[in-house]
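Colleague: Submitted below is the structure of interest, expressed as structure tokens.
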Amino acid sequence: MRNMYVAKFILILLIVISSECKKKDPRDFTDADIHKLEEQWTEDGEVDEGDLPEHLRPSQPVDFSKVDASDPENLVKLTKKHKTLMMFATVAGDPTEEETEKISSLWQSQLYNANIEVTRFVISANRVLFKLSDGSYAYEIKDFLVEQEQCELVTIEGKDYPGKGSTKSKDTKNGAKTKSKKKKAKKTKIKSEL
């Protein structure tokens, strides 16, 4: 009989100890515990689309019959709507990292004043990464940046757009003027020879 009481006591003690282990303090959770809890939560209940990470959200269907394939800007606007997009900007001249920080901060605040939210990361002495939470604004931001005197280059989806501070755009403008002058000179030379 005594053995039976001891066995019951040990059984009750094991039940109490196992139930205590299940009630773990949330401050003691490991990353694995949090991941397991998140999986249980998403399996059991409905989760709002806005709470899901971007890669798990259902994408909006794009009607490609209405899209002009010759206009890549419009295609990016439609396909990147409400999706993250990265774009790069190069600051003209030979700025220090602090100067790049100040210039890009000014650009970010001007975009913020225009109700366009971007996150800015200075990645080198003259290069800035802009992270857009809504990629459909990419070409509006590009249009703003290329008009800035301190902007040399903007890159979106692997395509480069020279800014006002670009040496290429200055050379191209000067080169176009000299080419047109040379053509006019040749025409006048040909006319005088005839």
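Mapping to the UniProt record's numbering: the sequence shown position 44 is 44, numbers consecutive. C-beta atoms are modelled at their ideal positions from N, C-alpha and C, and glycine is treated no differently.
(1) Just reading off the beta strand (DSSP E) that Leu106 is part of, what are its end residues?
(2) Between Asp71 and Lys131, what straight-line distance do the alpha-carbon atoms span, to the nearest angstrom?
(3) How many Å lie between Glu117 and Asn74 at the Cα?
(4) If we call anything under 8 Å between Cβ atoms a contact, is Ala125 one with Thr100?
(5) Below 8 Å CB to CB, which residues in the same chain sit around Val146 once its five sequence neighbours on both sides are set aside?
(6) Rounded to the nearest angstrom, what separates Thr96 and Asn113 at their Cα positions?
(7) The alpha helix (DSSP H) that contains Phe144, what's its start and end?
(8) Which partner residues of Thr90 appear in the DSSP bridge assignment?
(9) For Arg120, which three-state DSSP category applies?
(10) Might you give, ordered along the chain, the residues of its own chain that have their beta carbon closer than 6 Å to the beta carbon of Thr167, omitting 5 neighbours on each side?
(11) Determine the direct distance from the alpha carbon of Glu152 to that of Lys173, and round the result to whole angstroms.
(12) Thinking Ala92 and Val128 are a contact (beta carbons under 8 Å), I'd like their distance in whole angstroms, please.
(13) Measure the C-alpha to C-alpha separation of Leu111 and Pro61 and round it to an integer number of angstroms.
(14) Taking all protein chains shown into account, do 16 or more other C-beta atoms lie within 10 angstroms of the C-beta of Met4, making it buried, or fewer, making it exposed?
Modeller: Taking the coordinates as given:
(1) No beta strand (DSSP E) holds Leu106; the alpha helix (DSSP H) holding it covers 97-113.
(2) 23 Å
(3) 20 Å
(4) yes
(5) Val154, Tyr161, Pro162, Gly163, Lys164
(6) 26 Å
(7) 138-146
(8) Arg127, Leu153
(9) strand
(10) none
(11) Interpretation of Lys173 is limited by its pLDDT of 46, a score under 50 that renders its predicted location unreliable; no figure is taken from the coordinates.
(12) With 8 Å as the limit, Ala92 and Val128 do not qualify as a contact, their Cβ atoms being about 12 Å apart.
(13) 28 Å
(14) exposed
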